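Take the sequence shown: its position 257, counted from the start at 1, is 479 in the working numbering, and no numbers get skipped. Here a beta-carbon is modelled for each residue, glycine too, at the ideal position from N, C-alpha and C. As the structure is a computational prediction, the values presented were derived from the model and not from experiment.
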Amino acid sequence: MSAAKPPNPRRVAVRALRDIEQRRGFSNRILSDQLERHVELARRDRGLITTLVYGVLRHQARLDALIDAAADKPGKLKGELRTILRVAAYELVELDRPPAIAGAEAVKVAKRIDPRGRLRGLITAIVAGVARDAPARAAAWEAGDPLTALRERWSLPAWLAARWLAALGPERALARARVLAEAPTLDLRIDLGRTTRDEVRARLEAEHPGLRFVELPAAAGDQPQAVRVQGAGDLFYGPLFESGLISIQSLGSQQAVRALDPRPGERIIDACAGMGTKTAQIAELMQRQGRLVAMDASAERLAELEAARERVDLDAEGLALEIVHADLAEDPLELDIELEPGSVDGLLLDAPCTGLGNLARHPELRWTAEPGDVPACAALQATLLRRCADWVRPGGRLVYAVCSLEPEEGPQVVADFVAERGEFRVVKEEAWTPEGARSDGFWLARLERG
Numbered sequence: 223m224s225a226a227k228p229p230n231p232r233r234v235a236v237r238a239l240r241d242i243e244q245r246r247g248f249s250n251r252i253l254s255d256q257l258e259r260h261v262e263l264a265r266r267d268r269g270l271i272t273t274l275v276y277g278v279l280r281h282q283a284r285l286d287a288l289i290d291a292a293a294d295k296p297g298k299l300k301g302e303l304r305t306i307l308r309v310a311a312y313e314l315v316e317l318d319r320p321p322a323i324a325g326a327e328a329v330k331v332a333k334r335i336d337p338r339g340r341l342r343g344l345i346t347a348i349v350a351g352v353a354r355d356a357p358a359r360a361a362a363w364e365a366g367d368p369l370t371a372l373r374e375r376w377s378l379p380a381w382l383a384a385r386w387l388a389a390l391g392p393e394r395a396l397a398r399a400r401v402l403a404e405a406p407t408l409d410l411r412i413d414l415g416r417t418t419r420d421e422v423r424a425r426l427e428a429e430h431p432g433l434r435f436v437e438l439p440a441a442a443g444d445q446p447q448a449v450r451v452q453g454a455g456d457l458f459y460g461p462l463f464e465s466g467l468i469s470i471q472s473l474g475s476q477q478a479v480r481a482l483d484p485r486p487g488e489r490i491i492d493a494c495a496g497m498g499t500k501t502a503q504i505a506e507l508m509q510r511q512g513r514l515v516a517m518d519a520s521a522e523r524l525a526e527l528e529a530a531r532e533r534v535d536l537d538a539e540g541l542a543l544e545i546v547h548a549d550l551a552e553d554p555l556e557l558d559i560e561l562e563p564g565s566v567d568g569l570l571l572d573a574p575c576t577g578l579g580n581l582a583r584h585p586e587l588r589w590t591a592e593p594g595d596v597p598a599c600a601a602l603q604a605t606l607l608r609r610c611a612d613w614v615r616p617g618g619r620l621v622y623a624v625c626s627l628e629p630e631e632g633p634q635v636v637a638d639f640v641a642e643r644g645e646f647r648v649v650k651e652e653a654w655t656p657e658g659a660r661s662d663g664f665w666l667a668r669l670e671r672g
């Protein structure tokens, strides 16, 4: 029996983009689901699909502006046809695909909705128009109004473009938007308790041709566990990842754990553990000795942590790991473990947030986030911080972190908390801006209880 014929990679990309738009879901999960359905896809095609999906999401408003300018009746370009044209336009302006090839590939993908080929002429004409007009439109954006450039050239939603322009000024707002429109590098964490940096670098180079190592930003300081790479392909299916010797984890996330400074033998809580990436790093820095509680409101994410615990060596003899499904915003809070007030040495609260510092890595947030999300997240964050603080012992440490640079979600939450709870003091604050660190944007504070 012959092997199944691989699907057209552009069709898979269109399907993923439609799914992301209709479900308003996380792009990484929906893309992963699509790729897992087509194991027969070659690595090159998987890479193209990934590039197209994330690229279209990062540049969507720009692509729409170019498409609309090239169309006689742009209002009629809806649904799957609009998505097909976005993919073709992205290939033109970002991947330097010749118009004839981009147009022909778009016509192929459109056969599902246009089996008789009636849209061939329309698609070909629009793709040619985009190719013709793109240089002039780029020059106009560069020379024109900053707000229009933020909204169209750099594909920010109107409310966020106006917000950043007012808060940062034109130069910084445009610099931030420019970095967040780039494909991000991939940050890795090495388990130095089980391997070495030299071994990991050598194996990455051997197992992933085309990979290159990228220098860490100066803001990262000394992070011996961290490595930044580009062009790595699909590391999730490589032996280094499957053996737990490396984990995929942003520098900001790693920095938050290092700010907590967990030590062997301590009692530590990872209060919003998610899938457990930070939990594993905490365990590594504790040398897998002590009590570690991983909490999250999502049973689905905790199931992924449970499934990964053997891979990342969370069952070590000296480590008492407890995985707790709990919504810390509930009142009264019910836990299925004993956790007395003032009983832990350190607590990490990587709080739910708007994620507006992560628009490069999670570009769908450009089109799903709303202005009301900022105050809503700030209210939730304040509730979680008050709840978590009670577990920290006198002399203990609490790290609060968010992947957002909006003041209401970071400095204001902590300032209000410290004003309310005078026994806590801020001993460290740290902010990474995309334009300064060429990394995801995040903010953290380390507090100590007197």
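Under the DSSP definition of a beta bridge, R425 lacks any partner. Rounded to the nearest angstrom, the gap between the Cα atoms of G325 and A310 is 7 Å. For D267, same chain residues with a beta-carbon under 6 Å away, outside a window of 5 residues either side, are P231 in chain order. Assigned with DSSP and collapsed to three states, W613 falls in coil, not helix or strand. The distance from the Cβ of V534 to that of G466 is about 4 Å, consistent with a contact at the 8 Å cut-off. Going by C-alpha positions, I559 is about 49 Å away from L372.
Listed in chain order, the non-local C-beta contacts of Q452 below 6 Å within the same chain comprise T407, R434, V436, local neighbours out to five positions each way being set aside. In the displayed model, D535 falls within coil according to three-state DSSP, outside both helix and strand. One alpha carbon belongs to R246, the other to T370, and they sit about 25 Å apart. By the neighbour-count criterion, in which a residue is buried when 16 or more other Cβ atoms sit within 10 angstroms of its Cβ, E552 is exposed.
The C-beta separation of A441 from A659 comes to about 4 Å, placing the pair in contact by the 8 Å criterion. DSSP, read as helix, strand or coil, puts V261 in coil. For Q471, the three-state secondary structure derived from DSSP is coil.
In chain order, M497 place their CB closer than 6 Å to the CB of E526, counting only its own chain and leaving out the 5 sequence neighbours on each side. Taking Y312 as the centre and dropping the five residues before and after it, the same chain places the C-beta of L274, G277, V278, H281, L285 closer than 8 Å to its C-beta, in chain order. Boundaries of the beta strand (DSSP E) harbouring F435: 434–436, taken from the DSSP string. With fewer than 16 other Cβ atoms inside 10 Å of its own Cβ, L555 counts as exposed. The closest CA to that of E364, considering only L581, P320, R375, is found on R375. I323 is classed as exposed because its beta carbon has fewer than 16 other beta carbons within 10 Å across all chains shown. Sequence-distant partners of D549 (beyond 5 residues in either direction) whose C-beta falls short of 6 Å from its own C-beta, in its chain, are A519. Taken in chain order, the whole beta strand (DSSP E) runs of length 3 or more contained in the segment 628–672 are 646–654, 664–671. Taken in chain order, the whole alpha helix (DSSP H) runs of length 4 or more contained in the segment 557–601 are 587–590. Per DSSP, Q452 lies in no alpha helix (DSSP H); the unbroken beta strand (DSSP E) holding it starts and ends at 448–452. Below 8 Å, enough C-beta pairs join the segment 571–582 and the segment 621–633 to call them touching: three or more. Rounded to the nearest whole angstrom, the C-alpha separation of A653 and A493 is 21 Å.
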